[in-house]
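As given, the protein sequences belong to chains A and B, one line each in that order.
All the letters of the first sequence, read from the start, carry residue numbers 1 to 253 under the numbering used here.
All the letters of the second sequence, read from the start, carry residue numbers 1001 to 1188 under the numbering used here.
By construction, the Cβ of each residue, glycine as well, lies at the ideal position given by its N, Cα and C atoms.
What you are looking at is a predicted structure, and each value in this text was computed from that prediction instead of being measured.
Here's the structure, in C-alpha cells; my notes come after.
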Amino acid sequence: MSSWLLLPSIGVFLELMLLARGLSARVFTRYYFFYIYICSSLVGTLAAVAIHASSPGSFAKWYWPIQFVTLIFGYGILLEILNHVLAPYPGAEKFARTSGLVAFAATFCFALIAPLVMPAWSASTVLEFERDSRFVQCIFIFVLLAVILYYAIPMGRNMKGMLVGYGLYIATSMMSLAIRAYGSASLMEVWRTIQPLSFDVSMFVWLVALWSYCPNPVPDASIRLEEDYEALALRTRNMMDSIRTHLRKAARA
Amino acid sequence: MISLIFFLAVGLILFSSLFFLARRNARPEGGSDELVGARQALSALQAGLLPPNLVQRVFAVEDWDYVCSTTPQTIQEMFMEERKRISLLWIDQVRDQIRSLGRFHRGAARHYAQLNPRMEMELAFRFATLMTACRALHLVVYLAGPYAAPRMVTAMANAAGRACEISEQSLRFLNAAQLGVVSARSAA
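This is the structure we're talking about:
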C-alpha cells in the first residue's frame, strides 16, 4: 500500500468501527447528526480515494464539492452539542445558537457566492477558501467553548469527546492549510501527512468517547428562580459598578 | 507571513482551550449548588470578613506603633510578617467570596431564556476588571506591607459590603425553608 493511502485507510477503518460500535451500543440513535457526519465523511473519503485512483486529473475538480458537503455536515456535530449540552440552559443556548447561526450563514453564503465571483478557481484559491471556512468553524467552536467554560456547564464523556475530537481536527486542518497556502511544494508532504493524521486522531478520540452512551449531566431543576433576568443582570451590574468605583477612588487616594 | 502566524496562533489557542476543557472536572452541579454557595459566600463576607472592627483590627497601625516602641527588631520583623500574611489572607478570602457571588450570577443567568448576550459580555468584562483590581490590592500589600494603603483597604471593605447588600437582595427570594431543602440535598 502506498504511503499516501495508509493514513486515510486507518481513518476509514476507524470510521467503520465507530459506526459499528454506534449501532451495537445503540449510541447511533442518540446522536443522529453526529453519525450522519461520520457517514458523509466515510462516503467522501471513499469517493476521494476512488477518484484519485481512477483519474487523478479530475481529483482537483471534485475535491472542493466533497469537502464542502462534509464541511456543512460538520455543523451537525456542533448542533448535536448545542442540543445535548446547552438545551437545559436556555440562556446559554441562546447565546451560542445566535453566534453559531451567524457563523453557519456566513460560511454557507460565502460558499455559494464565491464561485460566482471567482469563476476560474486555481488550486491556491480552493486552498485559501477551505482554510477560511475552517477558520469560521474555529470561531464557532470558540464561542461554544467560551459559553461552556464561562457558565461552567458540565459535559458528559460523549459530548466532551465529540467537541474535543472535532475541535482538534478543525484546528489542525486550518493550521496545515495555512502552512500549505503559504509554503512551497516541500511543505506539501507535511500537509499530506498532517491532514489525514489529524482526522485519524479525531476518529480515535470519538471511538473512545462514544464507546458507550453516557448521558450529559442534567442541572437540578427543582429550584425555580422567581426573578426575571433583567433584574438579576441589573443587580449584578450595579454591584460591579459599586465595587469598581470604590476601588478606583481608593487607588487614587 | 502575517496570515500564517495568525492562523497558527488561532489554532494553538483552540488547542489549549480544548486541553483545558478536557482537563476540567465536569461536576454534576445544579441551580441549588450555586444558590447555597452564594448564600454561604454572603454569610462569610457579612459575618466573618467585613465587620468594621475586624478590618480595623487586622490593619490597625496602632498595633504596629506599639510593637515598634516596646519590642526589639526581631519581634518587629516577626510581627510584620505575621500581619502581612493575615492581611493577604483577608484580601484573598474577600476576593474568593466575591467571585462566588459572580459564579452565582452566571449559574442563575444561564437558565434564563431571555438572557441578553450583550449584557452578559458587559458583565463579564466588568467582573474581570474587578478581579484585576483585587489582585492589584493584593500586590500592593504584598510589596509594601499591610499598612501601605489603609484607605484602599477601608474602601475595599466598604465596596465588598455594598456588594453584599445588593447580592442579599438577589438572594432574598431564597427563603429559609427553601434554603434548608437545598442544603439538605447538597449535603446528601
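Beta-carbon contacts of residue i that lie in its chain and below 8 Å, excluding the five residues immediately before and after
| i | result |
| --- | --- |
| Ala103 of chain A | Val136, Gln137, Ile139, Phe140, Val143 |
| Ser212 of chain A | Ala25, Val27 |
| Cys39 of chain A | Leu19 |
| Glu226 of chain A | In this prediction, Glu226 of chain A has a pLDDT of 48, which is less than 50 and means its spatial position is unreliable; what the coordinates show is noted afterwards. Around Glu226 of chain A: no qualifying Cβ. |
| Leu82 of chain A | Glu93, Ala96, Arg97, Gly100, Leu144 |
| Cys214 of chain A | Gly156, Arg157, Asn158 |
| Thr193 of chain A | Leu7 |
| Lys1084 of chain B | Val1141, Tyr1142, Gly1145, Pro1146 |
| Ala254 of chain A | No statement about residue 254 of chain A is possible, as the shown extent of chain A runs from 1 to 253 and does not include it. |
Proximity below 8 Å, CB of residue i to CB of residue j
| i | j | result |
| --- | --- | --- |
| Tyr151 of chain A | Arg1057 of chain B | no |
| Tyr75 of chain A | Leu1004 of chain B | no |
| Glu15 of chain A | Leu42 of chain A | yes |
| Met1119 of chain B | Ala233 of chain A | yes |
| Glu130 of chain A | Gln67 of chain A | yes |
| Arg21 of chain A | Leu207 of chain A | yes |
| Tyr1147 of chain B | Val1055 of chain B | no |
| Ser1087 of chain B | Phe1125 of chain B | no |
| Gly1145 of chain B | Ala171 of chain A | no |
| Val164 of chain A | Val190 of chain A | no |
| Met175 of chain A | Leu1008 of chain B | yes |
| Phe73 of chain A | Ile36 of chain A | yes |
| Gly161 of chain A | Leu1014 of chain B | no |
DSSP three-state assignment for residue i, whether helix, strand or coil
| i | result |
| --- | --- |
| Gly76 of chain A | helix |
| Thr1071 of chain B | coil |
| Ser1100 of chain B | helix |
| Trp329 of chain A | Since the first residue shown for chain A is 1 and the last is 253, residue 329 of chain A is missing from the structure and cannot be characterised. |
| Cys138 of chain A | helix |
| Asn1053 of chain B | helix |
| Ala1144 of chain B | helix |
| Gly1011 of chain B | helix |
| Cys214 of chain A | coil |
| Phe1059 of chain B | coil |
| Tyr35 of chain A | helix |
| Arg97 of chain A | helix |
| Arg237 of chain A | helix |
| Tyr1197 of chain B | Absent from the model: residue 1197 of chain B. The displayed extent of chain B is 1001 to 1188, so no value can be given. |
| Arg1024 of chain B | coil |
| Ala171 of chain A | helix |
Cβ-based burial, residue i [other Cβ within 10 Å; buried from 16]
| i | result |
| --- | --- |
| Leu1018 of chain B | buried |
| Asp1092 of chain B | exposed |
| Val1094 of chain B | buried |
| Asp1065 of chain B | exposed |
| Ile77 of chain A | buried |
| Cys109 of chain A | exposed |
| Pro56 of chain A | exposed |
| Leu86 of chain A | buried |
| Arg1106 of chain B | buried |
| Pro65 of chain A | exposed |
| Arg180 of chain A | buried |
| Tyr89 of chain A | buried |
| Leu1137 of chain B | buried |
| Gln1097 of chain B | buried |
Where residue i meets chain B, residues with beta-carbon distance less than 8 Å
| i | result |
| --- | --- |
| Ala152 of chain A | Glu1029, Arg1103, Arg1106, Gly1107 |
| Cys138 of chain A | Val1010, Gly1011, Leu1014 |
| Ala174 of chain A | According to the sequence displayed, residue 174 of chain A carries Met and not Ala. Near Met174 of chain A (Cβ distances below 8 Å), the residues of chain B are Phe1007, Val1010, Gly1011. |
| Tyr182 of chain A | Met1001, Ser1003, Leu1004 |
| Arg131 of chain A | Phe1007 |
| Phe135 of chain A | Phe1007, Val1010 |
Contacting residues, own chain, Cβ-Cβ under 6 Å from residue i (five flanking each side not counted)
| i | result |
| --- | --- |
| Ser173 of chain A | Arg134 |
| Trp62 of chain A | Ile51 |
| Cys1134 of chain B | Arg1095 |
| Val147 of chain A | Ala92, Phe95, Ala96 |
| Arg237 of chain A | none |
Contacts of residue i in chain A (Cβ-Cβ under 7 Å)
| i | result |
| --- | --- |
| Met1119 of chain B | Ala233 |
| Ala1124 of chain B | Tyr150 |
Within chain A, the residues that residue i reaches when beta carbons sit closer than 8 Å
| i | result |
| --- | --- |
| Leu1018 of chain B | Leu145, Leu163, Val164, Gly167, Leu168, Ala171 |
| Ala1022 of chain B | Lys160, Val164 |
Cut-off 7 Å between Cβ atoms - residues of its own chain near residue i, not counting five sequence neighbours on either side
| i | result |
| --- | --- |
| Cys1068 of chain B | Gln1076 |
| Gly11 of chain A | Thr45, Pro196, Phe199, Asp200, Met203 |
| Leu177 of chain A | Leu127, Glu130, Arg131, Arg134 |
| Ile223 of chain A | Only weak support is given to the placement of Ile223 of chain A: the predicted model assigns it a pLDDT of 48, under 50, and the value that follows is read from those uncertain coordinates. So the list is empty, once near-sequence residues are dropped. |
| Pro217 of chain A | Pro154, Gly156 |
Neighbour list for residue i in chain A, Cβ cutoff strictly below 9 Å
| i | result |
| --- | --- |
| Ser1100 of chain B | Chain A residues near Ser1100 of chain B: none, gap ~12 Å exceeds 9 Å. |
| Leu1054 of chain B | Per Cβ cutoff of 9 Å: no residues; Leu1054 of chain B is ~18 Å from chain A at best. |
Interface residues of chain B facing residue i [CB-CB closer than 7 Å]
| i | result |
| --- | --- |
| Ile141 of chain A | Leu1014 |
| Ile10 of chain A | Chain B residues near Ile10 of chain A: none, gap ~22 Å exceeds 7 Å. |
Distance cut-off 7 Å: residue i Cβ against heavy atoms of the ligand PLP
| i | result |
| --- | --- |
| Ala146 of chain A | Looking for the ligand PLP in the displayed structure turns up nothing, as the structure carries no ligands at all. |
Interface partners of residue i on chain B, CB under 9 Å
| i | result |
| --- | --- |
| Ile179 of chain A | Leu1004, Phe1007, Leu1008 |
| Thr125 of chain A | Per Cβ cutoff of 9 Å: no residues; Thr125 of chain A is ~14 Å from chain B at best. |
Interface partners of residue i on chain C, CB under 7 Å
| i | result |
| --- | --- |
| Thr98 of chain A | The chain inventory of the structure shown lacks chain C, comprising the protein chains A and B. |
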